[in-house]
Every structure is written in C-alpha cells, then in structure tokens.
Amino acid sequence: MFIIDCPWCGTRDQSEFTTHGEAHITRPEDPETLDDAEWAQYVFYRNNVKGWYRERWVHSSGCGRWFNLLRNTASDAIAASYRPEDPLPPLPEDSY
Amino acid sequence: MTRPLPRAGKKPPQKYSIFSLARQAMQGHQGWQAAWRSPEPQPEYDVIIVGGGGHGLATAYYLAKETNVGRIAVLEKGWLAGGNTARNTTIIRSNYLCDESARLYGHAHDLWEGLSQDLNYNVMFSPRGVIMLSHNVHDQQVAARHYHALNLNGIDSTLLSAEEVKEKVPLINIHGRYPVLGGLYQARAGNARHDAVAWGYARAADQMGVDIIENCPVEDFVIENGVVKGVQTPKGVIRAGKVGVVAAGHSSVLAEMAGFRMPLESVPLQAFVSEPIKPCFDTVVMSNSVHIYMSQSDKGELVIGAGSDNYVSYTQRGSFDLFDHAVQPLLELYPFVARLRMLRQWAGIVDVTRDRSPIITKTPIENLFFNCGWGTGGFKATPGSGHVFAHSIAKGEMHDIAAPFGMDRFSTGALIDEAAAAAVMH
Chain C
272 MFIIDCPWCG TRDQSEFTTH GEAHITRPED PETLDDAEWA QYVFYRNNVK GWYRERWVHS
332 SGCGRWFNLL RNTASDAIAA SYRPEDPLPP LPEDSY
Chain L
4 MTRPLPRAGK KPPQKYSIFS LARQAMQGHQ GWQAAWRSPE PQPEYDVIIV GGGGHGLATA
64 YYLAKETNVG RIAVLEKGWL AGGNTARNTT IIRSNYLCDE SARLYGHAHD LWEGLSQDLN
124 YNVMFSPRGV IMLSHNVHDQ QVAARHYHAL NLNGIDSTLL SAEEVKEKVP LINIHGRYPV
184 LGGLYQARAG NARHDAVAWG YARAADQMGV DIIENCPVED FVIENGVVKG VQTPKGVIRA
244 GKVGVVAAGH SSVLAEMAGF RMPLESVPLQ AFVSEPIKPC FDTVVMSNSV HIYMSQSDKG
304 ELVIGAGSDN YVSYTQRGSF DLFDHAVQPL LELYPFVARL RMLRQWAGIV DVTRDRSPII
364 TKTPIENLFF NCGWGTGGFK ATPGSGHVFA HSIAKGEMHD IAAPFGMDRF STGALIDEAA
424 AAAVMH
C-alpha cells in the first residue's frame, strides 16, 4: 500500500490506480521475422525484478491517463513518477 | 542456542506411535530426538534442492525414497518452511477444470490421503469438504460447467442448492448483498496443518540421509559450458550434479542468477486470522466472485483468505484496500464475524504465470530444473508437486504428469488456462 504521485493529478491513494506491469517493453518492429520463442519473450516473459522496477500505471479511478513509476519492489519505495514521453529518470544508487 | 539432542546416526531414528508416546511419557519426555539434524554442508552432492518449503522438502523426500540419485541436500535461505508454507490458508482440493491440472492436483490429492502414515507424522489432513459458492447466474453456469468437466475426469463433485449450502454452513447468510444461489462441493477436499507437512517431510527426508541446511541462501550458480555444476553460498561453493530450484516468489531472482528469465510475476497474496473461538465452521467455503474464503483451524481461529495485489512486490505486505475488499463480503456472508477480533494479517509473495498454471520444467541450463509458478494455490499440490519433480530430476526427463507444465508451453502456445486455479482475484 502506498501513495502515488500522478503526473497529471498529483498525489493520490494507490487504490485509485491500476498497474499493467513492466514498462518500456517495445512491440517488435518486424513481427514477421520473430520465431515462437522470441514472441514468448515479448508476450509472457518479464524481468520481475526484486529492486528498482519501471512499471506502467493508469489512474483508473481518476484522470484515466497512463504513466510510469520507478518503484522498488523490495520496499515499495517510489523514486519517480513520469509521463510516457518524459526521459527515463535514472535508477537510484541506493538499493532502498 | 538450542541444547543438543540425542540424534539418529548413533541410535536408529525414532518412530512416532502410541507406544513411543507412552514410553516417553514415563521418562518425562526427555528422550525425544531432534526431528532432523542441522548438518554443515558437504562440499558436493548429487542433487541440491534450492528452497526448504513444502514443495522443496517433498521433492527431497521422494528423491530419497523412490530414486537412486545418491547424496541430496536442501538449501534454505531462512528457516525451514518460513515462506509461503507458513503463510497459506491450507486448503486442499483437486477440482480443477483442465485435464492436465486434474491429473496433477488429483495425483497430489491421492498422496495427501496416505501422507501421515507414509511420513509417520500427523499432518492433520482433514477431508472436511470444500464448497465453492455461486452468487449469480454466471457463477452457476461456471459451476455447472466445472461439475460436468470434473465428472468426466473422475473427480468427485456435487452441485448444491442454496438450501443445501445453508444446511452444511448454518452460519452463512444466503440472502444478503451477495446472495448464495448454490455451490460446487468436493467432499474429499479439506485442509491440513501446513507446518506439520513441512516438518513431516523434513524429518522423513532427514532420516533417509538428506542434509537440510538452513540459513544458507544461494547467491549464484556455478555454470560451466551451459551445465550447472553447483551453487555459491555464504558457506562456500557446494558442487552438485543436478540442481532443482523450488523458490516460489523468488524464482525470477534465482533464474536471473542463472542467466535467463521466467514468465512470472511475483505479487503479494493476503490472508488474516481471527481470535480462536469454539468449533462452529466445519467445512471450507470459498467464493470466487467476491474473493473470500474461510475455514476454521483446529485451534479455533477462522482462517480467511483475501485477494492478491496486481503489482509486483516482494515486501510480504498486502495493500489495505484489498483487505477492505475482503472484509466487506466477509461480513455480508458471515455476519457473526463482525463480533470477532482479527489477530493477524499478512501476505506471502506468490509467483503467478499468465495461464495460472504452475511451471515444472527443464531450463536453458543443463541439469538445472525449476518448479515454480504455483501462484495463489500451491499448498494443495505439495505432495504431487514434490513427487513428479523428484522423478523428473532423477530421470533427467519430465515425469508424464509434469510434462505439459514445461515453460516451453509459452512458446508452443499449449497453455493450460486454469480459470479455476484459485478462488482469488486474478
């Protein structure tokens, strides 16, 4: 349970938001050249990191807009909240 | 420090029985052996199991009992069975929809029925029946579909009317905000004492020579030319012919050490427990569409399962809104619970696959096997999971029942889409 800073609305309770998993997974540019194993990596396989993790959230009970969080899955600490077009905020150096 | 106890090796291992209990009672219970040793690791084993929870200990037990693999060790990063084995709601059932799941969970269910005798340890398996409630027409249609599929697979199953549910569970409110229209009932299902399952497997495996090494996290794998040769731990490198990883929520972390990814996400799954009360709830009731399930432990506590969060987290804390979402229907269905205090609330980290079925598999690294992805419903499968995984490791080829659960199914498309995987939010 945590507080999320929506880049459009400001600080709200986490229960207003929905996550859709790991962020920055790019759809393959040449889908016809991919074999089954590569498709599986794109569709099903995730880094599932214990530590700093970039993930997609949507403010589903608020403005309904998408954004990204840089959150530590080992502590639920949030380092940054950024819009899809923003440059990637750097990974914090400390592990917490 | 615990005081050293007399131990097997010099004396034959104790067998638990009414006679040994009487004999010890005469001696003031001073003669009990430690249930398992706490050995230092040897430099090399034939098979190392990473993860000393229920599934890992069961794997080690069946490896020692039914195969000839040689020296076996279980490495546990914390204390024995301190992860999801200690955190689940202990429900055992096998009424799964898909044919592959029916075989796997059915195999486990068969083993549960003789487990206490097999281990010489009372795991308190209690086939008190499990009811899965229907609250709307859709639920009833799903229940009917399951009922017919289960019958085709030879799994015992009964459709109950609302009145029959009320008869079995007098304290339920069938006319509230979540009206009960009926239920799907498995009479053979029930629960068991989770700690006893782990301790029973640990003791029985130890008696057959398995080294169980606690406080020994795996920090890296020793991999030479694509073949696993051992593991790196704070107690040094331990070499191994084969390694089986049974690490639940931390499976992705271990896979990353070995250089590959898993089709998993690790999320918190919550449960909570009330103060102990007199026996009043003698079955297990689950409700898929409102994400709540409840049973009463032998101590008298009501054990209540809630949903899982949908974000990745390793914190072993659930979010408050999910707890809230569980309590609302809980009080609608069981108004008497409003007068109880809750003693504890916790979460375990469950590794969830996209098709809600487990992964029992070979990996890109030779002789390295993974058993994971049990998600929100692994406890019930403990004996079956350990059994088929042990035989897969020993043979180097996946056991017939485990074969459909390989991670290659995510490439081939042969997913086992188990909608009935658990009565919690997915």
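From first to last, the protein sequence lines stand for chains C and L. Note that the working numbering numbers the first sequence so that position 51 is 322, with each residue one more than the last. Note that the working numbering numbers the second sequence so that position 270 is 273, with each residue one more than the last. C-beta atoms are modelled at their ideal positions from N, C-alpha and C, and glycine is treated no differently. Bear in mind that the values here come from a model prediction, so they are computed numbers and not experimental data.
Shorter than 9 Å from the beta carbon of Gly292 (chain C) to some beta carbon of chain L?
-> yes
Skipping 5 residues on each side, what residues in its chain have a beta carbon closer than 6 Å to that of Cys101 (chain L)?
-> Ile419, Glu421
If you run the structure through DSSP and keep just helix, strand and coil, what is Met260 (chain L)?
-> helix
Pick from L:Phe392, L:Tyr108, L:Ala89: whose alpha carbon is nearest that of Val246 (chain L)?
-> L:Phe392
Are Gln189 (chain L) and Gly132 (chain L) close, meaning C-beta to C-beta below 9 Å?
-> yes
Taking only beta-carbon atoms, is Arg90 (chain L) less than 9 Å away from chain C?
-> no
In whole angstroms, what is the alpha-carbon distance linking Asn388 (chain L) and His394 (chain L)?
-> The question names Asn, yet the displayed sequence has Ser at residue 388 (chain L). For Ser388 (chain L) and His394 (chain L), the distance between alpha carbons rounds to 10 Å.
Per-residue DSSP class, three states only, for Gln27 (chain L) = helix
List the residues that DSSP assigns as beta-bridge partners of Thr275 (chain L).
-> In the sequence as displayed, the identity of residue 275 (chain L) is Phe instead of Thr. DSSP output for Phe275 (chain L) lists L:Ile307, L:Gln348 as bridge partner(s).
Taking Gly212 (chain L) as the reference, which of L:Tyr64, L:Leu333, L:Asp403, L:Asn228 has the closest Cα?
-> L:Tyr64
Residue interval of the beta strand (DSSP E) (run including Gln189 (chain L)) = 185 to 189
Where Gly399 (chain L) and Ala258 (chain L) are concerned, what is the direct C-alpha to C-alpha distance, given to the nearest angstrom?
-> 19 Å
Does Arg342 (chain C) have its Cβ less than 9 Å from a Cβ in chain L?
-> yes
With 8 Å as the limit, tell me which residues of the stretch 308 to 339 of chain C have their beta carbon closer than that to any beta carbon of chain L; keep them in chain order.
-> Ala308, Trp310, Ala311, Gln312, Val314, Phe315, Tyr316, Arg317, Asn318, Asn319, Val320, Lys321, Tyr324, Glu326
Going by the CB atoms, is the gap between Val77 (chain L) and Ala243 (chain L) shorter than 9 Å?
-> no
Counterpart residues of Asn438 (chain L) in DSSP-defined beta bridges = Only positions 4 to 429 of chain L appear in this structure, which leaves residue 438 (chain L) out of reach.
In its own chain, which residues sit with a C-beta less than 7 Å from the C-beta of Gly73 (chain L), not counting the 5 before and 5 after it?
-> Asp49
With a threshold of 16 other CB atoms inside 10 Å of the CB of Trp82 (chain L), please say whether the residue is buried or exposed.
-> exposed
Out of L:Phe275, L:Leu371, L:Phe372, L:Ala384, state which residue places its alpha-carbon closest to the alpha-carbon of His328 (chain L).
-> L:Phe275
Mind checking if Ser346 (chain C) is an interface residue toward chain L, Cβ cutoff 9 Å exclusive?
-> yes
Given a cut-off of 9 Å, decide if Pro44 (chain L) and Ile216 (chain L) are closer than it, judged by their beta-carbon atoms.
-> yes
From Lys281 (chain L) to Gly292 (chain C), what distance separates their C-alpha atoms?
-> 44 Å
Can we say the stretch 323 to 343 of chain C touches the stretch 290 to 307 of chain C, given the rule of at least three CB pairs closer than 8 Å?
-> yes
Rounded to whole angstroms, how far is the Cβ of Ile275 (chain C) from the Cβ of Ser352 (chain C), which I believe are closer than 8 Å?
-> 7 Å
Does any CB atom of chain C fall closer than 9 Å to the CB of Val427 (chain L)?
-> Note that Val427 (chain L) has pLDDT 45, beneath the 50 cutoff, so the model's placement of it is unreliable and the number below is only indicative. Taking Cβ atoms only, chain C never reaches closer than 9 Å to Val427 (chain L), which makes this a no.
Where Asp3 (chain L) sits in the DSSP three-state scheme | What the structure shows of chain L is the stretch from 4 to 429, and residue 3 (chain L) is not part of that stretch, so it cannot be assessed.
Within chain L, the residues that Ser216 (chain C) reaches when beta carbons sit closer than 7 Å = Any answer about residue 216 (chain C) is impossible in this case: the structure gives chain C only from 272 up to 367.
Can you round the beta-carbon distance between Ser160 (chain L) and Tyr150 (chain L) to whole angstroms, since I take them to be within the 8 Å contact cut?
-> 5 Å
Proximity below 9 Å, CB of Ser320 (chain L) to CB of Asp347 (chain C) = For the record, residue 320 (chain L) in the displayed sequence is Arg; it is not Ser. The answer is yes: Cβ separation under 9 Å.
Spatial neighbours of Pro407 (chain L) within its chain, please: CB distance less than 8 Å, with the 5 preceding and 5 following residues excluded, ordered by chain position.
-> Glu103, Ala417, Ile419
Output yes if chain L places a C-beta closer than 9 Å to the C-beta of Thr289 (chain C); else output no.
-> yes
Chain D beta carbons: is any one of them nearer than 9 Å to that of Ser366 (chain C)?
-> You won't find chain D in this structure, because its protein chains are C and L.
Any C-beta of chain L sitting closer than 9 Å to the C-beta of Asp301 (chain C)?
-> no
Leaving out five residues before and five after Ala384 (chain L) in sequence, what residues of the same chain have Cβ atoms less than 8 Å from its Cβ?
-> His58, Leu107, Tyr108, Ala111, Pro361, Trp377
Return the first residue and the last residue of the alpha helix (DSSP H) that Trp323 (chain C) is part of.
-> Trp323 (chain C) -> not in any alpha helix (DSSP H); beta strand (DSSP E) instead, spanning 323 to 329.
Please decide whether Leu456 (chain L) counts as near chain C, where near means a Cβ-Cβ distance under 9 Å.
-> A query on residue 456 (chain L) cannot be resolved here, the shown segment of chain L reaching from 4 to 429 and no further.
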